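The listed protein sequences correspond, in order, to chains A and B. Quick note on our numbering: the first sequence kicks off at -13 and runs consecutively. Quick note on our numbering: the second sequence kicks off at 1236 and runs consecutively. Heads up, the beta-carbon is just placed ideally off N, CA and C, and yes, glycines get one too. As the structure is a prediction and not an experimental result, all values here were calculated from the model. Okay, structure first, notes after.
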Amino acid sequence: GENVEQHPSTLSVQEGDSAVIKCTYSDSASNYFPWYKQELGKRPQLIIDIRSNVGEKKDQRIAVTLNKTAKHFSLHITETQPEDSAVYFCAVNSGGYQKVTFGIGTKLQVIP
Amino acid sequence: DVKVTQSSRYLVKRTGEKVFLECVQDMDHENMFWYRQDPGLGLRLIYFSYDVKMKEKGDIPEGYSVSREKKERFSLILESASTNQTSMYLCASSQNGGGTDEQYFGPGTRLTVT
């Protein structure tokens, strides 16, 4: 099955700095790459996704980049704020288009 | 606004008990999923369903079964609970295939098996 590696597992940044989380995957047929944010004690929620026909997508302070040749994609958060503190999960579709495989998560701490 | 609800937030069961976790979504979504979440392991798919009475094994189906008799409801069953099934269980639903569309998660059920 699909193998998704995510790193780092923990990340601490000063407020206002940027944060980058990276994921690699194994299945070259994968074409959907969502990112979910899970705040402490809450459910995961989609924050941004990208499909393989584009290389980059932005939504305000959040961006995702995709390199299909190298089979990796990254989440970029600029001008981090304390409310960005959460666990972030990358995911990749696998097994056809019915499901996604999640990375292990990155715990981001933004220090005020 | 999509709402996915789960029957319990916290559950404590004894080893060997049969456990039912229920999930209900109110957006007429075709697809429903059960995950377990463990520290350092992320979200791992147990089972999913893309239609009523249809089910597919995920990555860690051993020790679990599921039931989907109605479109809005997806149940996870632990036939004989064991301590290694202590975990957070998350249900999710999506309109289109889960591999091409946003998944909406429930609040989770923290199950402790003693």
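In the three-state scheme derived from DSSP, where H, G and I count as helix and E and B as strand, B:Asp1263 is classed as coil. Residue pairing of A:Asn53 in beta bridges, as defined by DSSP: A:His58. Residue-level contact by beta carbon fails for B:Phe1255 and chain A, as no gap is shorter than 8 Å. The Cβ of A:Lys85 sits closer than 8 Å to at least one Cβ of chain B. Runs of the alpha helix (DSSP H) lying entirely within the stretch 1255 to 1321 of chain B, each at least 4 residues long, are absent. Cβ-Cβ distances below 6 Å link A:Ile7 to Leu61, Tyr74, Thr92 in the same chain, with the five nearest sequence neighbours on each side left out; the list follows chain order.
At a C-beta separation below 8 Å, B:Pro1342 has these neighbours in chain A: Lys28, Arg29.
Within the stretch 53 to 64 of chain A, no residue places its CB atom closer than 8 Å to a CB of chain B. The stretch 20 to 35 of chain A makes contact with the stretch 47 to 62 of chain A, as at least three CB pairs between them are under 8 Å. Non-local beta-carbon contacts of B:Ser1242 in its own chain, meaning distances under 6 Å to residues more than five positions away in sequence, involve Glu1257 in chain order. Counting along the chain, the unbroken beta strand (DSSP E) around A:Pro20 starts and ends at 18 to 24.
Excluding its 5 nearest sequence neighbours in each direction, A:Ser71 has C-beta neighbours in its own chain below 7 Å: Leu94, Gln95, Val96, listed in chain order. Under the 10 Å beta carbon count, B:Arg1271 is surrounded by 16 or more other beta carbons and is classified as buried.
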